[in-house]
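Peer 1:
Numbering (the working numbering), first residue to last: 13 to 362.
#1: How would you write the range of the alpha helix (DSSP H) that residue 191 sits in, first residue to last?
#2: DSSP puts residue 272 in a beta bridge; with which residues?
#3: Considering residue 207, what are the terminal residues of the beta strand (DSSP E) in which it resides?
#4: Please state if the CB of residue 110 and the CB of residue 59 are separated by a distance shorter than 8 Å.
#5: State the start and end residues of the unbroken beta strand (DSSP E) segment that holds residue 293.
#6: If you follow the alpha helix (DSSP H) that residue 151 is part of, which residue opens it and which one closes it?
#7: Can you tell me which of the three DSSP states residue 165 falls into?
#8: Reducing DSSP to helix, strand and coil, say where residue 335 ends up.
#9: Spell out a yes or no on whether the segment 184 to 200 and the segment 228 to 244 are touching, meaning 3 or more CB-CB pairs, one atom from each, closer than 8 Å.
#10: Return the chain-ordered list of same chain residues with a C-beta closer than 8 Å to the C-beta of residue 268, the five sequence neighbours on each side being excluded.
#11: Please classify residue 314: does DSSP put it in a helix, a strand, or coil?
#12: Nearest-angstrom Cα distance between residue 114 and residue 155?
#13: Can you give me the Cβ contacts of residue 158 inside the same chain, cut-off strictly under 7 Å, excluding the 5 residues immediately before and after it?
#14: Could you have a look at residue 95 and say whether DSSP puts it in helix, strand or coil?
#15: If you drop the 5 nearest sequence neighbours on each side, which residues of the same chain put their C-beta closer than 8 Å to that of residue 166?
#16: Using DSSP with H/G/I as helix, E/B as strand and the rest coil, what is residue 298?
#17: How close, in whole Å, do the beta carbons of residue 256 and residue 241 come, if the pair is a contact with beta carbons under 8 Å?
#18: Checking 8 Å against the spacing of the C-beta atoms, do residue 79 and residue 243 come in under that value?
#19: Apply the 10 Å Cβ neighbour rule to residue 49 and answer buried if 16 or more other Cβ atoms are within range, or exposed otherwise.
#20: To which residues does DSSP link residue 158 through a beta bridge?
#21: For residue 288 and residue 43, which I take to be in contact (beta-carbon distance under 8 Å), what is that distance rounded to the nearest angstrom?
#22: Short of 8 Å in beta carbon distance, which residues of its chain neighbour residue 125, apart from the five on each side in sequence? Order them along the chain.
#23: For the segment 210 to 247, list the alpha helix (DSSP H) runs that are entirely contained and at least 4 residues long, ordered along the chain.
#24: By Cβ distance, which residues of its chain are closer than 6 Å to residue 31, with the 5 residues on each side in sequence left out?
#25: Does the separation of the CB atoms of residue 148 and residue 306 fall below 8 Å?
#26: Based on the DSSP secondary-structure assignment, which residues constitute the bridge partners of residue 107?
#27: Compare the beta carbon distance of residue 354 and residue 285 with 8 Å and say whether it is the shorter of the two.
#28: Let's see if you can read the secondary structure: which residues bound the alpha helix (DSSP H) around residue 30?
#29: Say the cut is 7 Å; is the CB of residue 52 nearer than that to a heavy atom of the ligand MG?
#30: When you compare each of 309, 297 and 129 to residue 317 by their alpha carbons, which one comes out closest?
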């Protein structure tokens, strides 16, 4: 039934082509049933990080903490163009964000438009805590499908505890501005989504956010559970991370916490199918198996030095897929082995 629903969704999307659809079917079967080490076809989605620099200093984010494991870079337009020109005819969606604030890249609206003109859906996640008025109209006209606004709180006091350096009033003013321009343009895009990251310091504001998100200009709201030490999530033991960052965890409602403090474990394990269907590309062109990987030393290759096709089935990807699927044919040690070792991945789902 899941397959039929997926097929119907893709057939009814006017941006889809026969090439995309055939590739989608091939990837779907390999992702969900075969778990083969060599993947025949291209990813159906990508995460492309236009910049890994940010204007905020969020305490659980490696970018906010000025971690130096990843070189700070702004992706140039030619690199984005190279990726789209090679992979675009197979892609349904691109997340144009990961470890930084996308709108700090001066070419961001140009990047969005080039991608959407190729028939690919584009989403961006932003803190939106800066002067957006000069190019708010360009954002609406760019073809951007979804704009996820990260704001951890429903009041200035709640927000500033985690989004250090941000301005809550400015964020909400920017949301209203984009919402008004959408009405003027008579368009539903970009969809404005409030991502509310729940911590001990803002869990009381969740109900208020759920009641007021529409009046603030948002189309929807996403209540997100906390990730402790995002840069070290898969490279550090969960017990160590809980001990170090437990003061951030919500206290009143377990459903907003991904961790059990007493047993020092994750409440929900992570399944992994990313190695078969998607990939992540950093501002410097480094290719990673998933968005949780932080640190240049874990890269599987660089898009500037070769083609994506060559990286997609190189020794790192082949070894990682064998390791995650439990085929015991690993010849090259990768970040995916570390992920399994630290219990971030639930291998029983493969």
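Just so you know, even glycine gets a beta-carbon here, dropped at the ideal spot from N, CA and C.
Peer 2: According to the structure data:
#1: In the chain shown, the residue the question calls residue 191 occupies position 179. Taken as a continuous stretch (DSSP letters only), the alpha helix (DSSP H) holding residue 191 covers 180 to 197.
#2: In the chain shown, residue 272 corresponds to position 260, counting from 1. Paired residue(s): 277.
#3: Here the question's residue 207 lines up with position 195 in the chain shown. First-last of the beta strand (DSSP E) with residue 207: 203 to 209.
#4: As a working mapping, residue 59 is identified with position 47 in the chain shown. As a working mapping, residue 110 is identified with position 98 in the chain shown. Going by C-beta atoms, residue 59 is nearer than 8 Å to residue 110.
#5: For this step, residue 293 is matched to residue 281 along the chain shown. That run of the beta strand (DSSP E) goes 290 to 293.
#6: Position 139 of the chain shown holds residue 151. Its alpha helix (DSSP H) spans residues 148 to 153.
#7: One-based indexing of the chain shown puts residue 165 at position 153. Three-state DSSP puts residue 165 in coil, outside helix and strand.
#8: Taking the first residue of the chain shown as position 1, residue 335 is located at position 323. Residue 335 falls in the helix class under three-state DSSP.
#9: yes
#10: Mapped onto the chain shown, residue 268 falls at position 256. Hits under 8 Å: 210, 215, 218, 235, 237, 238 and 262.
#11: Sequence index remark: in the chain shown, residue 314 carries index 302 (1-based). If DSSP states are grouped into helix, strand and coil, residue 314 belongs with the strands.
#12: Working through the chain shown from its first residue, we reach residue 114 at position 102. Working through the chain shown from its first residue, we reach residue 155 at position 143. About 16 Å.
#13: Residue numbering aside, residue 158 sits at position 146 when the chain shown is read from its first letter. Hits under 7 Å: 135, 202, 203 and 205.
#14: Looking up residue 95 in the chain shown gives position 83. Residue state, collapsed to three classes: helix.
#15: Translated into positions along the chain shown, residue 166 becomes position 154. These residues qualify, in order along the chain: 208, 214, 217, 218, 220, 221 and 224.
#16: Residue mapping note: residue 298 aligns to position 286 of the chain shown, counting from 1. Here residue 298 sits in strand by DSSP.
#17: Working through the chain shown from its first residue, we reach residue 256 at position 244. Working through the chain shown from its first residue, we reach residue 241 at position 229. About 7 Å separates the two Cβ atoms, so the contact holds.
#18: As a first step, residue 79 is located in the chain shown; it is residue number 67 there, counting from the start. As a first step, residue 243 is located in the chain shown; it is residue number 231 there, counting from the start. Against a cut-off of 8 Å, the Cβ pair of residue 243 and residue 79 comes out as a contact.
#19: As a first step, residue 49 must be located in the chain shown, where it is residue number 37. By the 10 Å Cβ count, residue 49 comes out buried.
#20: Residue 158 sits at position 146 when you count from the first residue of the chain shown. DSSP output for residue 158 lists 135 and 203 as bridge partner(s).
#21: The sequence position of residue 288 within the chain shown is 276, counting from 1. The sequence position of residue 43 within the chain shown is 31, counting from 1. Confirmed, about 4 Å.
#22: Residue mapping note: residue 125 aligns to position 113 of the chain shown, counting from 1. Same-chain partners within the cutoff: 154 and 155.
#23: 218 to 224
#24: Start at 1 with the first residue of the chain shown, and residue 31 comes out as number 19. Closer than 6 Å at the Cβ level, and outside the excluded window around residue 31, lie 101.
#25: Along the chain shown, read from residue 1 onward, the residue named residue 148 stands at position 136. Along the chain shown, read from residue 1 onward, the residue named residue 306 stands at position 294. No, the pair does not count as a contact, with Cβ atoms beyond the cut-off.
#26: For this step, residue 107 is matched to residue 95 along the chain shown. Its beta-bridge partners are 59 and 135.
#27: Start at 1 with the first residue of the chain shown, and residue 354 comes out as number 342. Start at 1 with the first residue of the chain shown, and residue 285 comes out as number 273. Contact: no.
#28: The sequence position of residue 30 within the chain shown is 18, counting from 1. Counting along the chain, the alpha helix (DSSP H) containing residue 30 begins and ends at 30 to 41.
#29: This structure does not include the ligand MG; it has no bound ligands of any sort.
#30: In the chain shown, residue 317 corresponds to position 305, counting from 1. Residue 297 is the option with its Cα nearest to residue 317.
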